[in-house]
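S.K.: The structure that follows is given in the form of structure tokens.
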Amino acid sequence: MSDAALDAARSAGLTDVHAHRVALVERLVLRVARERYGDAVVGHVEDWLARVRAGGAAAFDGVAEAVAETSVEALAGVLRTLTAYFHLVNKAEQIEIVRVNREREVGATAEDPRGESVMEAVADLKRAGRSLDEARALVARLDIQPTLTAHPTEARRRTVLHHQDRAAAALDRLTSAGSGQALTPAEADAAEAEALGRLRLLLATDEVRPAAVTVRDEVRHGLYFVATSIWDVVPRIHADLRRAFADVYGAEGLSFPPVLRYRSWIGGDRDGNPNVTAEVTAWTLRAHREDALRLHRRALDALRLDLSVSDQQAEFPDELWASVEAARETVQLPERRWRQNAHEPVRLKIMQMAETLDRLLDALPEGGSGQRRTGAAPPDYSAADFRADLDLIARSLEAAGLGALAETGGLADARVRAETFGFHLAALDLRQHSATHEAAVADLLRRADVEPDYAALGEDDRVALLTRELNNPRPFIRLGGAVGPDADRVLSALRVAKAALDQEPDSIGSYIVSMTDAVSDVLEVLLLAKEVGLWRRHADGTVESAVDAVPLLETVADLEAGPDLMAALFENEVYAAHLAARGGLQEIMLGYSDSNKDGGYWQANWSLHKAQGALARTCREHGVDLRFFHGRGGTVGRGGGRAGQAIRAMPPEAQTGRIRFTEQGEVISFRYALPGIARRHLEQIVHAQIGALADAPDENADVWDGPQGGAARDLMERLADRAMTTYRDLIDAPDFWPWYVKATPIEHIANLSIASRPISRKGAADLDFAGLRAIPWVFSWTQPRYTVPGWYGAGTALAEAISGQDLDLLRRLQAEWPFFQAVSGNAMRELARARLVVGRRYSALAEAAGAHPAPFEHVETEYERAEAAFLRVTRQDTLLAQSRTIAATIRYRNPATDVLNLVQLDLMRRWRGGDHGDEIGRALLVSVNGIAAAMQSTG
Numbered sequence: 030m031s032d033a034a035l036d037a038a039r040s041a042g043l044t045d046v047h048a049h050r051v052a053l054v055e056r057l058v059l060r061v062a063r064e065r066y067g068d069a070v071v072g073h074v075e076d077w078l079a080r081v082r083a084g085g086a087a088a089f090d091g092v093a094e095a096v097a098e099t100s101v102e103a104l105a106g107v108l109r110t111l112t113a114y115f116h117l118v119n120k121a122e123q124i125e126i127v128r129v130n131r132e133r134e135v136g137a138t139a140e141d142p143r144g145e146s147v148m149e150a151v152a153d154l155k156r157a158g159r160s161l162d163e164a165r166a167l168v169a170r171l172d173i174q175p176t177l178t179a180h181p182t183e184a185r186r187r188t189v190l191h192h193q194d195r196a197a198a199a200l201d202r203l204t205s206a207g208s209g210q211a212l213t214p215a216e217a218d219a220a221e222a223e224a225l226g227r228l229r230l231l232l233a234t235d236e237v238r239p240a241a242v243t244v245r246d247e248v249r250h251g252l253y254f255v256a257t258s259i260w261d262v263v264p265r266i267h268a269d270l271r272r273a274f275a276d277v278y279g280a281e282g283l284s285f286p287p288v289l290r291y292r293s294w295i296g297g298d299r300d301g302n303p304n305v306t307a308e309v310t311a312w313t314l315r316a317h318r319e320d321a322l323r324l325h326r327r328a329l330d331a332l333r334l335d336l337s338v339s340d341q342q343a344e345f346p347d348e349l350w351a352s353v354e355a356a357r358e359t360v361q362l363p364e365r366r367w368r369q370n371a372h373e374p375v376r377l378k379i380m381q382m383a384e385t386l387d388r389l390l391d392a393l394p395e396g397g398s399g400q401r402r403t404g405a406a407p408p409d410y411s412a413a414d415f416r417a418d419l420d421l422i423a424r425s426l427e428a429a430g431l432g433a434l435a436e437t438g439g440l441a442d443a444r445v446r447a448e449t450f451g452f453h454l455a456a457l458d459l460r461q462h463s464a465t466h467e468a469a470v471a472d473l474l475r476r477a478d479v480e481p482d483y484a485a486l487g488e489d490d491r492v493a494l495l496t497r498e499l500n501n502p503r504p505f506i507r508l509g510g511a512v513g514p515d516a517d518r519v520l521s522a523l524r525v526a527k528a529a530l531d532q533e534p535d536s537i538g539s540y541i542v543s544m545t546d547a548v549s550d551v552l553e554v555l556l557l558a559k560e561v562g563l564w565r566r567h568a569d570g571t572v573e574s575a576v577d578a579v580p581l582l583e584t585v586a587d588l589e590a591g592p593d594l595m596a597a598l599f600e601n602e603v604y605a606a607h608l609a610a611r612g613g614l615q616e617i618m619l620g621y622s623d624s625n626k627d628g629g630y631w632q633a634n635w636s637l638h639k640a641q642g643a644l645a646r647t648c649r650e651h652g653v654d655l656r657f658f659h660g661r662g663g664t665v666g667r668g669g670g671r672a673g674q675a676i677r678a679m680p681p682e683a684q685t686g687r688i689r690f691t692e693q694g695e696v697i698s699f700r701y702a703l704p705g706i707a708r709r710h711l712e713q714i715v716h717a718q719i720g721a722l723a724d725a726p727d728e729n730a731d732v733w734d735g736p737q738g739g740a741a742r743d744l745m746e747r748l749a750d751r752a753m754t755t756y757r758d759l760i761d762a763p764d765f766w767p768w769y770v771k772a773t774p775i776e777h778i779a780n781l782s783i784a785s786r787p788i789s790r791k792g793a794a795d796l797d798f799a800g801l802r803a804i805p806w807v808f809s810w811t812q813p814r815y816t817v818p819g820w821y822g823a824g825t826a827l828a829e830a831i832s833g834q835d836l837d838l839l840r841r842l843q844a845e846w847p848f849f850q851a852v853s854g855n856a857m858r859e860l861a862r863a864r865l866v867v868g869r870r871y872s873a874l875a876e877a878a879g880a881h882p883a884p885f886e887h888v889e890t891e892y893e894r895a896e897a898a899f900l901r902v903t904r905q906d907t908l909l910a911q912s913r914t915i916a917a918t919i920r921y922r923n924p925a926t927d928v929l930n931l932v933q934l935d936l937m938r939r940w941r942g943g944d945h946g947d948e949i950g951r952a953l954l955v956s957v958n959g960i961a962a963a964m965q966s967t968g
């Protein structure tokens, strides 16, 4: 093993186990790279990495000179080598997280549970004096819905992910000797051969996709994780709940309603993505259904093998035999099954269920053709029927004195999955921009001779017209009548949704209205839903509605206006009737990306926090139940960070037990690639949600969740306003945009084939601040190591507050207020991840192209202010004094990331010098992927 690699890992502060693991990664990667690219390329990697590890930034000039003298072909080999290295280092870190959590779990008890575990959450309830019934009732209120999205933040191909996962599994085996699982020499050789084989495949596989990603690619990518780790881990969370209640309260054999349900936007989110057509959405829903049925079918095979119980050994209730006999005429089993299993009613029932699922699968349309695989009609068997059959088996086992077989093991897991995933796997949301709905409604009204110019109407007139038309049962367009392209786009998607809901009521989630800023934006969706039969008002005034219209509040201004908008919506008589039809529950989505891009880090976070409290109070005043949907990205600049901490940081009045949040891009791969990581992620969310709900105030309480009441509010307002002014001064300056496009690789990010959705609303050739989407905005700041969206503006705001005698109050907020702790902690982590000594070189490249240096000078000054201010407020010596593991990881990663940056800089210099060949273009894209892997972040 490379002594230099091990020394570097140890000197960074990694644990000894982890240090040995990443040193092994370095040795294996360099061995395969030598085979692939030769001694010269590996020599560059070793030399440049050693020089930067030894000399830090002082070595940059020398390494940059060496890079400049190296061929593009060799640089591409360096980039691919370091990219493969970081991919495996990332996997090694995940393995380390799993190892540490397992180590802690081994020693945990009900009296001393592992931190942020389900056991700890239940133990806290007991310590707080909650009775068993109270604790069960609280858990029953949990409604946690992670939502997978396909935003362009996953730079890796699925085939690359597959090779990485297999290499990680081999790496885990190779480094597990310390946990009592020593390998034999043959096993060690096999594991090393597997790791090397996967590395060889990685270096022989295109890192960058040769063609644009399709929506179907994205759907399959998301379903891969639902069908693997998520499918496996959700029952484990329920098992954790059962064990926790047994150990803490002594209550055995409990079951709980689903606490987790998954949703997806992939294939349903058409805002800004013309590739998401009605046909694609229909295909997506079929893919969800097919995967769900196949997974349940596979689980039934395992259950059949396990549940070999005989009526000659136990007495089963009549209802089980009656069910078997009733299905005998419609579900055909081979006659030998009736002979072989004549005394095994549970197995017979399971085989009947399996045969029924086979018939459902056979009746599904084939691929993208929409044609059935067979001519047979599907059986009349729903997800509810499937759940009922599993419940019947459980009751029968209990009646036979075998209840323990139903409370744990395969049957318990199958029942949890049937409740959680149904026959739809993950409910599909639809999303479209409010402007498209407006155009569609205007088209329908004009064609029906109701209103010739809807767009010209004021808001009051629009609401009056929409309310009147929602009360009118007649459609605007006769069946088959012509409509314009906007109306056709919306109505065709809604017709697909109606067909899906008719088949599977849980298959469709919400209809998200992007850029909602008026009551009419929501009523327009209901009117369009009415046109296809998803919404109707009866003569008695009641409403029948199959769709939830969810406003998405995205900008700082929309967040501030949100409470008044929702109050006006609730007071609209048609919408009130609609809400009653939907069970009195209103979902509201909050946009973290655009609010940050619009107002900067501190203002966005404070506006979102205020909006949650105000919206919760508005809902309470109108007797409406509330579920927030948090549109968080993976990075701090888009609302990312620790999910559990974010939940606890919400205003108390917003803690309802119901929550949705997006899982985007590379976050999906990080959180769900390994079952151990997936379980830790979900248990932290459940732990936080239980604790937050337990601490939530009485619904009649008037609460403020920060200390010092009005003084703290006033301070937060001043901080947010000053931070936003500082941020806007940067991005609104005339010299900013020319500097930004030259000091970041945004033009190359625009050419990456990482998503079906365009990075700009105006197209990659016409990039400007207004048109650039928030995700590539953050992505491009991350590559040069500026991380500006995660902290900029906070330095000036905090420095002025400190000089204005607010230091004591700031320190109290830091000590006592979870929201302030979350915002400051995330900003400090982003500051620690920034590396302006690298960023300065990108700015120099921009200045060489004619850009003004002022923007970088502002970034540098603001960084210094932010670092100094946070250290004073937190009374720490370093930004990550309380996060030593993260600090060690950053120290370890920095040298190799620096080398990647130096190579990217030189390639950008050559490109701008006129070398636009395919070879350098491909190398630049690989450099973007490599730094994304190194920073574990795109957008």
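Our numbering puts the first residue of the sequence shown at 30, with every later residue one more than the last.
Where a beta carbon is used, it is the ideal one built from N, C-alpha and C, also for glycine.
Out of curiosity, what's the CA-to-CA distance linking alanine 875 and arginine 39?
M.R.: For the purposes of this step, residue 875 is identified with residue 846 of the sequence shown, where counting begins at 1. For the purposes of this step, residue 39 is identified with residue 10 of the sequence shown, where counting begins at 1. Computed Cα separation, rounded: 37 Å.
S.K.: Per DSSP, what kind of secondary structure is glycine 824 in: helix, strand or coil?
M.R.: Here residue 824 refers to the residue found at position 795 when the sequence shown is read from its first residue. Helix.
S.K.: Can you look up arginine 143 in the DSSP assignment and give me helix, strand or coil?
M.R.: For the purposes of this step, residue 143 is identified with residue 114 of the sequence shown, where counting begins at 1. Three-state result, arginine 143: coil.
S.K.: Can you tell me the Cβ-Cβ gap for alanine 443 and alanine 328, rounded? I've got them flagged as a contact below 8 Å.
M.R.: Taking the first residue of the sequence shown as 1, we reach residue 443 at position 414. Taking the first residue of the sequence shown as 1, we reach residue 328 at position 299. Their Cβ separation, rounded to whole angstroms, is 5 Å, which keeps alanine 443 and alanine 328 in contact under 8 Å.
S.K.: Who are the near neighbours of glutamate 216 in its chain, counting only those whose CB is closer than 8 Å to its CB and skipping five residues on each side?
M.R.: Numbered from its first residue, the sequence shown carries residue 216 at position 187. Taken in chain order, the residues that qualify are Arg202.
S.K.: Considering Cα atoms alone, identify which of Ser809, Val561 and Gln674 is closest to glutamine 850.
M.R.: What you label residue 850 is simply residue 821 of the sequence shown in a count that begins at 1. Comparing Cα positions, the closest option is Gln674.
S.K.: With a Cβ-Cβ cutoff of 8 Å, do arginine 751 and threonine 825 count as a contact?
M.R.: Locating residue 751 in the sequence shown gives position 722, where the first residue counts as 1. Locating residue 825 in the sequence shown gives position 796, where the first residue counts as 1. A contact, by the Cβ cut-off of 8 Å.
S.K.: Between threonine 257 and tyrosine 291, what straight-line distance do the alpha-carbon atoms span, to the nearest angstrom?
M.R.: Looking up residue 257 in the sequence shown gives position 228. Looking up residue 291 in the sequence shown gives position 262. Their Cα atoms are separated by approximately 13 Å.
S.K.: With DSSP collapsed to three states, give me the class of glycine 738.
M.R.: The count along the sequence shown starts at 1 and reaches residue 738 at position 709. Here glycine 738 sits in helix by DSSP.
S.K.: For the beta strand (DSSP E) containing alanine 456, list its first residue and its last residue.
M.R.: Within the sequence shown, the letter at position 427 stands for residue 456. First-last of the beta strand (DSSP E) with alanine 456: 456–462.
S.K.: Buried or exposed: where does glycine 942 fall if 16 or more other Cβ atoms within 10 Å of its Cβ makes it buried?
M.R.: Counting from 1 along the sequence shown, the entry for residue 942 is found at position 913. Counting Cβ neighbours within 10 Å, glycine 942 comes out exposed, since fewer than 16 surround it.
S.K.: Using the Cβ count rule (16 or more neighbours within 10 Å means buried), how would you classify glutamate 98?
M.R.: As a position in the sequence shown, residue 98 is number 69, starting the count at 1. Under this definition glutamate 98 is an exposed residue.
S.K.: Would you call the stretch 636–645 and the stretch 671–691 in contact, with 3 or more CB pairs under 8 Å?
M.R.: Judged by Cβ distances under 8 Å, the stretch 636–645 makes contact with the stretch 671–691, as three or more pairs qualify.
S.K.: If you draw a straight line from the C-alpha of serine 809 to the C-alpha of leucine 936, how long is it?
M.R.: In the sequence shown, residue 809 corresponds to position 780, counting from 1. In the sequence shown, residue 936 corresponds to position 907, counting from 1. Taking the straight line joining both Cα atoms gives about 16 Å.
S.K.: Using a 10 Å radius around the Cβ and a threshold of 16 neighbouring Cβ atoms, would you call valine 957 buried or exposed?
M.R.: Here residue 957 corresponds to residue number 928 of the sequence shown, with the count starting at 1. When all chains shown are included, valine 957 counts as buried.
S.K.: Going by DSSP in three states, glycine 943 sits in which element: helix, strand or coil?
M.R.: For the purposes of this step, residue 943 is taken as residue 914 along the sequence shown, with counting starting at 1. Correct three-state label for glycine 943: coil.
S.K.: Shorter than 8 Å from the beta carbon of aspartate 758 to some beta carbon of chain D?
M.R.: The structure shown has no chain D; it contains just one protein chain.
S.K.: Three-state secondary structure (DSSP) at serine 956?
M.R.: Counting from one through the sequence shown, the residue named residue 956 turns up at place 927. Reduced to three states, the DSSP call for serine 956 is helix.
S.K.: Mind checking whether arginine 170 and leucine 722 have CB atoms under 8 Å apart?
M.R.: One-based indexing of the sequence shown puts residue 170 at position 141. One-based indexing of the sequence shown puts residue 722 at position 693. Their beta carbons are under 8 Å apart, which means arginine 170 touches leucine 722 by this criterion.
S.K.: Please return the same chain residues whose Cβ sits closer than 8 Å to the Cβ of glycine 207, not counting the five positions on each side in sequence.
M.R.: Position 178 of the sequence shown holds residue 207. Confidence is the limiting factor: at glycine 207 the pLDDT is only 49, short of 50, which leaves the residue's position unreliable and the question unanswerable from this model.
S.K.: If we call anything under 8 Å between Cβ atoms a contact, is proline 884 one with tyrosine 756?
M.R.: Looking up residue 884 in the sequence shown gives position 855. Looking up residue 756 in the sequence shown gives position 727. Contact: no.
S.K.: Check whether the stretch 63–80 and the stretch 139–148 are in contact - that is, three or more C-beta pairs closer than 8 Å.
M.R.: No contact exists between the stretch 63–80 and the stretch 139–148.
S.K.: Taking C-alpha atoms, which residue in Ala469, Trp940 and Leu931 lies nearest to glutamate 94?
M.R.: Within the sequence shown, residue 94 is the residue found at index 65, counting from 1. The residue with the shortest Cα to Cα distance from glutamate 94 is Leu931.
S.K.: Please confirm if the stretch 706–726 is in contact with the stretch 264–275, defined as three or more CB-CB distances below 8 Å between the two stretches.
M.R.: Yes, since at least three Cβ pairs between the stretch 706–726 and the stretch 264–275 fall closer than 8 Å, the two stretches touch.
S.K.: For a test of the three-state rule: what should DSSP assign to isoleucine 537, helix, strand or coil?
M.R.: For the purposes of this step, residue 537 is taken as residue 508 along the sequence shown, with counting starting at 1. DSSP places isoleucine 537 in strand when its eight states are reduced to three.
S.K.: Would valine 54 and valine 118 qualify as a contact pair, given that the criterion is a beta-carbon distance under 8 Å?
M.R.: As a position in the sequence shown, residue 54 is number 25, starting the count at 1. As a position in the sequence shown, residue 118 is number 89, starting the count at 1. It is a contact, given that the beta carbons lie within the stated cut-off.
S.K.: By the three-class DSSP mapping on this structure, what secondary structure does arginine 901 have?
M.R.: Along the sequence shown, one-based indexing puts residue 901 at 872. In the structure shown, arginine 901 sits in a helix (DSSP, three-state: H, G or I).
S.K.: Let's see if you can read the secondary structure: which residues bound the beta strand (DSSP E) around phenylalanine 849?
M.R.: Stepping through the sequence shown from its first residue, residue 849 is reached at position 820. Where phenylalanine 849 is concerned, there is no enclosing beta strand (DSSP E), although the alpha helix (DSSP H) it sits in stretches over 847–862.
S.K.: Can you say whether glutamate 358 is buried or exposed, counting buried as having 16 or more other CB atoms within 10 angstroms of its CB?
M.R.: Mapped onto the sequence shown, residue 358 falls at position 329. Exposed.
S.K.: With 16 as the cutoff for other CB atoms within 10 Å, does proline 374 come out buried or exposed?
M.R.: Residue mapping note: residue 374 aligns to position 345 of the sequence shown, counting from 1. Result: buried.
S.K.: Helix, strand or coil for arginine 133? Go by DSSP, reduced to three states.
M.R.: Counting from one through the sequence shown, the residue named residue 133 turns up at place 104. The answer is helix: DSSP assigns arginine 133 an H, G or I state.
S.K.: What is the DSSP secondary structure of serine 966, reduced to helix, strand or coil?
M.R.: Here residue 966 refers to the residue found at position 937 when the sequence shown is read from its first residue. Residue state, collapsed to three classes: coil.
S.K.: Which residues bound the beta strand (DSSP E) around glutamate 573?
M.R.: Within the sequence shown, the letter at position 544 stands for residue 573. Its beta strand (DSSP E) spans residues 572–574.
S.K.: Would you mind sorting glutamate 125 into buried or exposed? The rule is 16 or more other CB atoms within 10 Å of its CB.
M.R.: In the sequence shown, residue 125 corresponds to position 96, counting from 1. Buried is the call here.
S.K.: Can you check whether the CB of alanine 224 is closer than 8 Å to the CB of leucine 57?
M.R.: Working through the sequence shown from its first residue, we reach residue 57 at position 28. Working through the sequence shown from its first residue, we reach residue 224 at position 195. Contact flag set, yes.
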